[in-house]
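**Q** Residue numbers (the working numbering): -1 to 109.
#1: Across the segment 83 to 91 and the segment 46 to 58, are there enough close Cβ pairs to call them in contact, namely three or more that are closer than 8 Å?
#2: Can you list, in chain order, the residues of its chain with a C-beta nearer than 7 Å to that of residue 23? Leave out the 5 residues immediately preceding and following it.
#3: Where does residue 13 sit, in a helix, a strand or coil, going by DSSP?
#4: Around the Cβ of residue 69, are there at least 16 other Cβ atoms within 10 angstroms (buried) or fewer (exposed)?
#5: Within 10 angstroms of its Cβ, does residue 28 collect 16 or more other Cβ (buried), or is it exposed?
Structure follows, in structure tokens:
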């Protein structure tokens, strides 16, 4: 869990940060900007592809992720587990879910 958080989530900047992809300034955690603001990450398409990788693990989790609030989705992608995730997916599948999350975040943040 800490690895994903350290890799993807630094504390929000106190000053605007220049995005290396779109050259716009943002005041968000890099993951939030890359997923929901940066026009050059193709994140809507990648996010849809990621959510489809969850369907074989758990159809109920797949449906939940399609409708979850963006802020909660970011937390799930960085390894947060809560009662909803525990109820929707067998815990033995959670490591595979985390691998999918890590691969997705790497694809968005690296290019």
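Here a beta-carbon is modelled for each residue, glycine too, at the ideal position from N, C-alpha and C.
**A** Quick answer:
#1: yes
#2: 14, 15 and 16
#3: coil
#4: exposed
#5: buried
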